[in-house]
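Participant: Below you'll find the structure I mean.
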Amino acid sequence: PSPAMMLGLTDHRLSIEEMFGERLFLDDVDLPPRWRQYYRREVETVALPINRRHDLRFAF
């Protein structure tokens with residue numbers, strides 16, 4: 069059994085089409101504020117001396 073089957077999330081192994089057939093957009097999913105920060109790459113890594121930000125005009 070797959071990990072998803074062992075957790076009871078599905079009763080069969082998922083095909084590639086089932087796994088990647090539908091894209092979830094940020095506006096379609098209600099994420100907690102902290103998760104949204106990670107998704108948008110707004111979280112700074114303290115261990116890095118420089119945290120570069122990129123203004124992606126066409127990203128999400």
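Read in my numbering, the sequence shown has 82 at position 14, and its numbers run on one by one without any break.
By construction, the Cβ of each residue, glycine as well, lies at the ideal position given by its N, Cα and C atoms.
Since we're looking at a predicted model, the values are computed, not measured.
Between which residues of its own chain and S70 is the CB-CB distance below 7 Å, once the five residues before and five after are set aside?
Facilitator: R81
Participant: For Q105, collect the residues of the same chain with a Cβ closer than 6 Å to its Cβ; drop the 5 residues on either side in sequence, then sort them by chain order.
Facilitator: Closer than 6 Å at Cβ, skipping near neighbours: V111.
Participant: Give me, in chain order, the residues of the same chain whose beta-carbon lies closer than 8 Å to that of D79; leave out the 5 immediate sequence neighbours on both sides.
Facilitator: M73
Participant: Is any non-hydrogen atom of the ligand MN found closer than 7 Å to the C-beta of P117, if you look at the structure I gave you?
Facilitator: As far as ligands go, the structure on display features none, and thus does not contain the ligand MN.
Participant: Assuming contact is defined by CB atoms lying nearer than 8 Å, are Y107 and L124 in contact in what I supplied?
Facilitator: no
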